[in-house]
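So the sequence lines, in the order shown, correspond to chains A and B.
For the first sequence, this note's numbering puts the final residue at 1130, and the numbers step up evenly by one.
For the second sequence, this note's numbering puts the final residue at 1130, and the numbers step up evenly by one.
There are 2 protein chains.
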Amino acid sequence: MKKELQDLRDKMQEYGIDAYMIPTGDFHGSEYVGDYFKCRDYISGFDGSAGTLIVTADEAGLWTDGRYFIQASDQLAGSGIELKKMGQPDVPSIADYLADQLGEGQTLGYDGRVVMASAENALKQRLRGKQVRIVSDKDLVGELWTDRPPLSRRPAWPLPVIYAGRRRSNKIALIRQELRRKQADYLLLASLTDICWLLNVRGDDIAYTPVVLSYLLMDQEKVCWYVQKCVPRELTYELKDDGVEIRDYESIYDDVAALPEGSVLYYDMGTVNSRLQSRIPASVKRMVGPNPTEMPKAVKNPVEVANFRKAHIKDGVAVTRFIYWLKQNVKDGVDGKPITEISAAEYLEGLREKQARYVEPSFAPIIAYREHGAICHYSATEESNAVLKPESFVLADTGGHYLEGTTDITRTISLGPLSHKEKEMYTLVLRGHINLAAARFLKGCTGQSLDSLARTPLWDRGLDYDHGTGHGVGFLMGVHEGPNSFRYRKPAGGGRECVFEEGMVTSDEPGIYLEGEFGVRIENLIVCRQADDSGFGDFLSFDTLTMVPYDRDAILPEMLTEKERRWLNAYHSVVYDTISPHLDPEEKDWLRQETREL
Amino acid sequence: MKKELQDLRDKMQEYGIDAYMIPTGDFHGSEYVGDYFKCRDYISGFDGSAGTLIVTADEAGLWTDGRYFIQASDQLAGSGIELKKMGQPDVPSIADYLADQLGEGQTLGYDGRVVMASAENALKQRLRGKQVRIVSDKDLVGELWTDRPPLSRRPAWPLPVIYAGRRRSNKIALIRQELRRKQADYLLLASLTDICWLLNVRGDDIAYTPVVLSYLLMDQEKVCWYVQKCVPRELTYELKDDGVEIRDYESIYDDVAALPEGSVLYYDMGTVNSRLQSRIPASVKRMVGPNPTEMPKAVKNPVEVANFRKAHIKDGVAVTRFIYWLKQNVKDGVDGKPITEISAAEYLEGLREKQARYVEPSFAPIIAYREHGAICHYSATEESNAVLKPESFVLADTGGHYLEGTTDITRTISLGPLSHKEKEMYTLVLRGHINLAAARFLKGCTGQSLDSLARTPLWDRGLDYDHGTGHGVGFLMGVHEGPNSFRYRKPAGGGRECVFEEGMVTSDEPGIYLEGEFGVRIENLIVCRQADDSGFGDFLSFDTLTMVPYDRDAILPEMLTEKERRWLNAYHSVVYDTISPHLDPEEKDWLRQETREL
Chain A
533 MKKELQDLRD KMQEYGIDAY MIPTGDFHGS EYVGDYFKCR DYISGFDGSA
583 GTLIVTADEA GLWTDGRYFI QASDQLAGSG IELKKMGQPD VPSIADYLAD
633 QLGEGQTLGY DGRVVMASAE NALKQRLRGK QVRIVSDKDL VGELWTDRPP
683 LSRRPAWPLP VIYAGRRRSN KIALIRQELR RKQADYLLLA SLTDICWLLN
733 VRGDDIAYTP VVLSYLLMDQ EKVCWYVQKC VPRELTYELK DDGVEIRDYE
783 SIYDDVAALP EGSVLYYDMG TVNSRLQSRI PASVKRMVGP NPTEMPKAVK
833 NPVEVANFRK AHIKDGVAVT RFIYWLKQNV KDGVDGKPIT EISAAEYLEG
883 LREKQARYVE PSFAPIIAYR EHGAICHYSA TEESNAVLKP ESFVLADTGG
933 HYLEGTTDIT RTISLGPLSH KEKEMYTLVL RGHINLAAAR FLKGCTGQSL
983 DSLARTPLWD RGLDYDHGTG HGVGFLMGVH EGPNSFRYRK PAGGGRECVF
1033 EEGMVTSDEP GIYLEGEFGV RIENLIVCRQ ADDSGFGDFL SFDTLTMVPY
1083 DRDAILPEML TEKERRWLNA YHSVVYDTIS PHLDPEEKDW LRQETREL
Chain B
533 MKKELQDLRD KMQEYGIDAY MIPTGDFHGS EYVGDYFKCR DYISGFDGSA
583 GTLIVTADEA GLWTDGRYFI QASDQLAGSG IELKKMGQPD VPSIADYLAD
633 QLGEGQTLGY DGRVVMASAE NALKQRLRGK QVRIVSDKDL VGELWTDRPP
683 LSRRPAWPLP VIYAGRRRSN KIALIRQELR RKQADYLLLA SLTDICWLLN
733 VRGDDIAYTP VVLSYLLMDQ EKVCWYVQKC VPRELTYELK DDGVEIRDYE
783 SIYDDVAALP EGSVLYYDMG TVNSRLQSRI PASVKRMVGP NPTEMPKAVK
833 NPVEVANFRK AHIKDGVAVT RFIYWLKQNV KDGVDGKPIT EISAAEYLEG
883 LREKQARYVE PSFAPIIAYR EHGAICHYSA TEESNAVLKP ESFVLADTGG
933 HYLEGTTDIT RTISLGPLSH KEKEMYTLVL RGHINLAAAR FLKGCTGQSL
983 DSLARTPLWD RGLDYDHGTG HGVGFLMGVH EGPNSFRYRK PAGGGRECVF
1033 EEGMVTSDEP GIYLEGEFGV RIENLIVCRQ ADDSGFGDFL SFDTLTMVPY
1083 DRDAILPEML TEKERRWLNA YHSVVYDTIS PHLDPEEKDW LRQETREL
């Protein structure tokens, strides 16, 4: 059994805690978390991006989703921790498990700062009537973890208005107007991307998400930004000019506790942590809902859209070069060494780094050869790292942050001769991808109304992919951003659906995964825009931002409808015109061949 | 000004009422209402199926929707009542209008029996803080209307289990189980279709909807059916055997008022009227939500589905004969008289009446020639009644109730040479209609996930139809039945979305309406069923119930995809095999031509 697990059990006994829960989360409900927050990893050894550990005196279980079943199973071997495969019929939900394990008078513990208010509410609901005591003010792992990395406090940096497209003062005024409309006195923001959007700042506190660890509390008079000592002097002055006062990160707890009696506080329970919520005085009226920053952040302004296009040209040059390089060198390798999944990812990162105003990857790259491509969220490790050979597919899902915006692209690349089945699957996925990208639709459509367009070619043959067709994308921010998405199921529980609006940027990424064989996914980012007025209503359509060719050798042209073929040829023609001026002569020749009319 | 309007104003003055509201509704929230309930028609003269009249001392307005703008405008001319076109930008909602009109201390009146609890709640919400007094226990129109038709009390009749497919006792046991699950003691049902489904009874109290005016109150021990003296002795005995006690229709009010303290009453606020709700004692706990009968009513059992198929063969024979007759006789007319919209409808009704176990039309027939077809819910009147000519389209949307189920079918029929535009529009609508009918999809899809399949061919050209693509259909019951439907917008406000389940019957009816030119709508009923298991999830698809050929002359085959063409040919082949054995030789020959491979 892992020593860390035993130490945790000793601590639990010391505090009289019968079950201790360690979710994956920071104090802000972020998707990715900084090293300081990797408590679940520390105790369990499982380092995937999602998972919750629950420890009792006799049992320990790690709940994670389908993306991580294989990895978690490996990493948990011999740890004394059982893998709980979420979604499998015999695996209880975390709440059900706790309700079952905890008897009357027993105690559940967790660090209330990493459990969001909405999650705590749901848990308490489930445990209602069970007389379970909750201890949420102890960070047991923090007490054990002697070499814990410090909380990140990298310098924050301003995002100039030439990138952000809208002044900070203007955004603050907009949110104040929204608060008046809601008749709320105060807004508490804990979501890092929402704070950074509002203040036109960015930072480096979380890998892949250029945000600053901070809170924000504002009313009609003041904006207080609760942040660690990481704000350069110049930015401090700039913020002050816009009426933003800087306070200490930790003092948000006291300031929330001191809110005036009878005032109305608006906040989002999904990103305000439960301990912070517990500090709101009973005399303050709570008004909960989505952050008012969410929609203006999702609906990119014209400057952001124009910048997004620029970022995608640079990214398109890097990825197009990468594909050419891969196809040229896969047979013989480079410098006498074969190309592997990891070395390919490093090469692509190098190409991105050469582009102007490149910041960092927008997520951990997925370069997955052949059967690895069938593992939906595969990430190569030193052990799994496959050598690429001149046959079958490699799936490359990568992305970058530029000052001009964020990219996220998947290409499935043929490295040699393909089987008919490989081509057939590629073409089915491509057809769905095109049908969504080419959609023209009436205002009022949500992602749920449009998702089936991408799935129909697969569904017609009884095939499917077990993930959404697309997610919203932030502007130099989270690569996964709500509320826009493409999913055919109605949102579960508290999930919200949003109507598409001009300026929303979303991924379009259908796929197919044949276990043990290969996987295909094709992904572009698309931006919603007004279509011509036809007199039959307010039509919208999408413009494709991503500028990288599809794999010509993988397409069976006879399977495409005329409309799909036309769309494909038009796209390839734009890709050539846009990307080729930035390429070397031999790359250019190759791109001309790849993008010629089909 | 209409005398009835003046009389109403006098009554309002007598009772001190400043604004009086007359919705279209019976005591049960029914879609269609009996003659007794046509108060709005009596006062205003407008006899469409939907509309709300509001009268103040100085103003009178009639709110209705787009279907009725033309008809209402005609019928209200000179009445002193202004037409309020719902949905137009300058027309306030009814609640906003009342909030604007009524000052402090003023009085709003309506008959609480015809305003459902949910509608009253919404209205009170809007008027909150306005100090408006509400008088809801006066039926002012009832006091004025001397020759008011009596409440219908036609004999109820049992629906044998060979049609209903499930015994009454079995249904009652199912609902009792559901009440236990919800921890509710009593269920109050006011929705007539839900009551008739539960009791396996039908009646003739409402045109087009074979139901019995009644209420029902049940717990784990008893089922009380509150009904007028219209239950034949034999049915009474049958009901008694299943533990159903018959009580007087009006006594529901007293019985609800006498519910035991501390008990839990479950009911649906959309179909329980506000006066009945007001009788629930404060000591009774209210649990509100959709009726537990709704889902088992919508998910047809295998016997109902098999019966539905039989009904559709008979209906298909009638409608196929009708199309043949129309095409044969449109040029010369019949018995020296031209065929008109009304005479055509009568002829079709005659053909349906010849079919075994035909009950009645399932809604008022729409036979709309040429430009009348562009009026979405056109219903021919003596004034509008057009003569059919051997050119362009006639749109025929009709349906019937049989003991084996309910039909609803639209065919757009060419009566002579068509323009290219007419054929193009027909083919686009047909493509959408086929794409939905042919869909294969994963369990979890709602009507919102699938609607775009029917619209894409039109949306691609910037065209659309301003109505849902389909509605659920009852079994010898309401032709419009929830909760299943096809709509691309997420349901507004309290609207609910349901996931498709095997056995749900829904219409598939895209259209296009070119004002002043012509309209095309094509409608079949489709039943959801399991598709083969492919290993990629739980797939569903639709079987088409309706058995009538499309109009061959109106199709541009080159516009169809290969998949659409194959579906069309397969459908036509089944139509021929199913319907032709019931036709005369010359009809059969014609059908063979109509359904030959395209």
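Backbone N, C-alpha and C define an ideal beta-carbon position, used for all residues, glycine too.
- Nearest in C-alpha terms to B/Arg-712, of all of B/Ser-875, B/Ser-795, B/Tyr-552, B/Asp-787, is B/Ser-795.
- For A/Gln-607, the secondary structure class from DSSP, reduced to helix, strand or coil, is helix.
- Counting C-beta atoms within 10 angstroms of its own C-beta, A/Glu-563 has 16 or more neighbours from the protein chains shown and is therefore classed as buried.
- Ranked by how close their Cα comes to the Cα of A/Leu-880, the residues A/Lys-863, A/Phe-1007, A/Val-849, A/Ala-739 have A/Val-849 in first place.
- When DSSP states are grouped into helix, strand and coil, A/Asp-669 belongs to the strand group.
- In the assembly as shown, A/Glu-652 is a buried residue. Its beta-carbon has 16 or more other beta-carbons within 10 Å.
- Of all residues in the stretch 951-983 of chain A, the ones placed with a Cβ closer than 7 Å to any Cβ belonging to chain B are Arg-972, Phe-973, Leu-974, Gly-976, Cys-977, Thr-978, Gln-980, Ser-981, Leu-982, Asp-983, in chain order.
- Taking a Cβ-Cβ threshold of 8 Å, the residues of chain B close to A/Thr-1093 are Thr-1093, in chain order.
- A Cβ of chain A is located within less than 9 Å of the beta carbon of B/Ala-1063.
- Using a Cβ-Cβ cut-off of 9 Å, B/Glu-1029 counts as an interface residue toward chain A, since at least one Cβ of chain A sits closer than that to its own.
- Between the alpha carbons of A/Met-827 and A/Phe-1074 lies a distance of about 18 Å.
- If you check the CB distance, B/Phe-1068 and B/Lys-975 do not come in under 9 Å.
- Of the other Cβ atoms in all chains shown, 16 or more fall within 10 Å of the Cβ of B/Ile-1087; this residue is therefore buried.
- Residue contact check for A/Ser-1017 against chain B: no CB pair falls below 9 Å.
- With fewer than 16 other Cβ atoms inside 10 Å of its own Cβ, A/Ile-602 counts as exposed.
- In chain order, Tyr-718, Leu-797, Ile-812, Pro-813, Val-816 place their CB closer than 8 Å to the CB of B/Leu-791, counting only its own chain and leaving out the 5 sequence neighbours on each side.
- For B/Tyr-1020, the residues of chain A that pass the 8 Å Cβ criterion are Phe-973, Leu-974, Gly-976, Cys-977, Ser-981, in the order they occur in the chain.
- Counting only runs that start and end inside the stretch 783-859 of chain B, the alpha helix (DSSP H) elements of at least 4 residues fall at 784-789, 806-810, 826-830.
- Between B/Gly-1043 and B/Val-1037, the beta carbon gap of about 20 Å keeps them out of contact (Cβ cut-off 8 Å).
- Annotated as distal: B/Arg-993 and B/Leu-1072, with beta-carbon spacing of 9 Å or more.
- The beta-carbon of A/Thr-930 is placed no less than 9 Å from the nearest beta-carbon of chain B.
- In the DSSP annotation of this structure, B/Gly-1010 is not part of any alpha helix (DSSP H), being labelled neither H nor E.
- Below 8 Å, too few C-beta pairs join the stretch 1109-1116 of chain A and the stretch 552-568 of chain B to call them touching: fewer than three.
- Interface annotation for the stretch 1094-1120 of chain A against chain B: empty, criterion Cβ-Cβ distance under 7 Å.
- Bounds of any beta strand (DSSP E) do not take in B/Leu-691, whose DSSP letter is neither H nor E.
- Annotated three-state conformation of B/Glu-892 is strand, per DSSP.
- Short of 6 Å from the beta carbon of B/Gln-760, and not among the five residues preceding or following it, lie these beta carbons of its own chain, in chain order: Arg-685, Tyr-781.
- Contact between A/Cys-756 and A/Arg-779 holds: their C-beta atoms lie close to 5 Å from each other, under 8 Å.
- Taking all protein chains in view, the Cβ of B/Leu-1130 is surrounded by fewer than 16 other Cβ atoms within 10 Å, so the residue is classified as exposed.
- Around the C-beta of B/Asn-1056, 16 or more other C-beta atoms lie within 10 Å, and the residue is accordingly described as buried.
- In this structure, the CA atom of B/Gly-697 is about 17 Å from the CA atom of B/Arg-1061.
- About 6 Å separates the beta carbons of B/Ala-896 and B/Ser-911, which is inside the 8 Å limit, making them a contact pair.
- Excluding five sequence positions before and after B/Ser-806, the CB atoms of its chain that fall closer than 7 Å to its own CB belong to Gly-644, Val-647, Met-648, Ala-649, Glu-652, Ser-668, given in chain order.
- In the three-state reduction of the DSSP assignment, B/Asp-539 falls in the helix class.
- The CB of B/Asp-992 comes closer than 9 Å to the CB of Ala-970, Ala-971, Arg-972, Lys-1095 in chain A, given here in chain order.
- Residue pairing of B/Phe-1050 in beta bridges, as defined by DSSP: B/Leu-1046.
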